[in-house]
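To start, the structure under review is shown below, and the notes come after it.
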Amino acid sequence: MTNSQALTVACIVAACSAQVRAENGALPAISVARAPAAAAVPQALAPRGSHTLLESVAARGVQVYECRPDAGAPGGARWVFVAPQADLFDAGGAQVGTHYGGPTWEAADGSRIVGAVEARADAPQADAIPWLLLSAKSVGPDGRFAKVTSVQRVNTSGGVAPVRPCAAGEVGDTERVTYTADYVLYAP
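This is how it looks when you write it as structure tokens:
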């Protein structure tokens, strides 16, 4: 920032400060925007047995859907979920791994787990994929994810199948729907 830009910013701040001074002459406290508190996780999605929170990773990516023939409607077609494709980030914003079909979570160190759905709950938002509890088993080398035995998918946004129908002429076409989620990883 140049000196003239810094001076301009300082003048704007001073002008704004003068406009918002309280009657006693004090400046009001600055309020910082915060994200709303996450919705409570349903008890049905609690890991079974005694588990300890290992870490939570944020996923940003897509849910991939493919247009396939609909056996229930001869000549029709429908969108079918194929796989997730997402990058995983730690609380500091550093990419720590990827999430892909299986479902699989793979850390940058090569450790990985594969999950199986144990329970599901509707997301609080109708336009978001469901929240899940998955059992997990390590299928890779020792590392960041090696001890994980349960995974919760919560705080989902987006990712639902396309709203528009797919036609028989589109069979084989894919749609990539943006989603975000938090994956909460537990170990015994």
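By UniProt numbering, the letter at position 36 of the sequence shown is numbered 36, and the numbering carries on one by one without gaps.
We put the beta carbon where it would ideally sit given N, CA and C, even for glycine.
Per DSSP, reduced to three states, the secondary structure at glycine 72 is coil, with no helix or strand assignment.
In the same chain as phenylalanine 89, and ignoring 5 residues on each side of it, the C-beta atoms closer than 6 Å to its own belong to Ala58, Gln95, in chain order. By the Cβ rule, the segment 73 to 80 does not count as touching the segment 39 to 47, because fewer than three pairs are nearer than 8 Å. Residue state for alanine 44 is assigned as helix, using DSSP reduced to three classes. Under the DSSP assignment, arginine 144 falls outside any beta strand (DSSP E); it carries neither an H nor an E label.
Secondary structure at glycine 49: coil, using DSSP grouped into helix, strand and coil. In the structure shown, the three-state DSSP call for alanine 161 is coil.
Note on valine 117: under 16 other CB atoms within 10 angstroms of its CB, so exposed under the neighbour-count rule. Looking at the DSSP output, glycine 97 sits in a beta bridge with Leu88, Ala107. Alanine 187 is not a Cβ neighbour of threonine 104, given a cutoff of 8 Å.
Secondary structure at alanine 168: helix, using DSSP grouped into helix, strand and coil. Spatial neighbours of valine 171 in its own chain (CB-CB distance under 8 Å, excluding positions within 5 residues in sequence) are listed in chain order as Cys67, Arg68, Pro69, Ala77. Per DSSP, valine 139 lies in no beta strand (DSSP E) segment and is marked neither H nor E.
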